[in-house]
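Numbering (this note's numbering), first residue to last: 5 to 200. Quick reminder that beta carbons are idealized off the backbone N, C-alpha and C, glycines included. The structure presented is a predicted model; accordingly, all values stated were derived computationally and were not measured.
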Amino acid sequence: PQPPDFCIYFSLPDAPPLKDAFKKDWGAPVDDVEEASKAPHLSGLDLPCYRVNSFQERIRGTMRNKADREQEAAGERGDAEATAGAGKATKAMLAKRTCYVQVRLPDLDPHMPSLKQFGLEVSDECMRINFPMLPRSKTAAYSHLTVWWPHAFCSAQANADWDPKADILTVCLPTESDVPAEALDAFDPDLLDAVF
Numbered sequence: 005p006q007p008p009d010f011c012i013y014f015s016l017p018d019a020p021p022l023k024d025a026f027k028k029d030w031g032a033p034v035d036d037v038e039e040a041s042k043a044p045h046l047s048g049l050d051l052p053c054y055r056v057n058s059f060q061e062r063i064r065g066t067m068r069n070k071a072d073r074e075q076e077a078a079g080e081r082g083d084a085e086a087t088a089g090a091g092k093a094t095k096a097m098l099a100k101r102t103c104y105v106q107v108r109l110p111d112l113d114p115h116m117p118s119l120k121q122f123g124l125e126v127s128d129e130c131m132r133i134n135f136p137m138l139p140r141s142k143t144a145a146y147s148h149l150t151v152w153w154p155h156a157f158c159s160a161q162a163n164a165d166w167d168p169k170a171d172i173l174t175v176c177l178p179t180e181s182d183v184p185a186e187a188l189d190a191f192d193p194d195l196l197d198a199v200f
């Protein structure tokens, strides 16, 4: 089975959510942080962090002279700076916005309750939709879908809504946590791994 279609967008606090983001014409990607702050909705697929191509071609067994190695190292530093800059621009564009993910699920079995045909998990890092095997069926309606957030979101305030007429699942959550960053930095990951 194929994963379901989804659309992700980010809205300003005073902007009403879109009923069906699949029908919206998103236009050209917004490049400037100031321009993005005025747009009521931003497409999640057009964020600066997704436009950086840090792929480096690696060929084993080739001989390179010192100048080639230095040029490659400079290119890697430039890619790292571009990635960091895109991450900062993305974080600035998403500040104080709400993330909406709409998932279209028209192929669910109409003879079974829709909410028994999928499971939803939302964390600060991603959203995952699982589709279990249905009774008297050899396959699930869809394959699993995982959507990774561009940075840590606040999953404690996530909400989900199911529209049975349109067969659309909508998940919304704030892009920023109410917990100050200093409090999150206080956790020692090595200690947490040892304890749990």
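Exposure label - residue 146; buried when at least 16 CB within 10 Å: By the 10 Å Cβ count, residue 146 comes out buried.
contact_flag[the region 38-51, the region 130-140] where n(CB pairs < 8 Å) is 3 or more: Contact between the region 38-51 and the region 130-140 is absent: fewer than 3 CB-CB pairs across the two stretches fall below 8 Å.
Backbone CA spacing between residue 96 and residue 158 [nearest angstrom]: Using only the alpha carbons, I get a separation of about 16 Å.
Residue interval of the alpha helix (DSSP H) (run including residue 37): 37-42 is the extent of the alpha helix (DSSP H) around residue 37.
Local conformation of residue 117 per DSSP, three classes: Here residue 117 sits in coil by DSSP.
CB contact flag (residue 176, residue 94, <7 Å): It is not a contact, given that the beta carbons lie outside the stated cut-off.
Residue 8 beta carbon less than 7 Å from that of residue 109: Taking 7 Å as the Cβ cut-off, residue 109 and residue 8 qualify as a contacting pair.
Straight-line Cα distance separating residue 11 from residue 111: Using only the alpha carbons, I get a separation of about 17 Å.
Extent of the continuous beta strand (DSSP E) to which residue 131 belongs: Residues 130-134.
Pairwise C-alpha distance: residue 38 and residue 138: Computed Cα separation, rounded: 48 Å.
Proximity of residue 179 and residue 119 at Cβ, strictly below 7 Å: At a Cβ-Cβ threshold of 7 Å, residue 179 and residue 119 do not count as neighbours.
Residue nearest to residue 89 in terms of C-alpha spacing, selected from 33, 144, 41, 51: Between residue 89 and the set 33, 144, 41, 51, the nearest pair of CA atoms involves 51.
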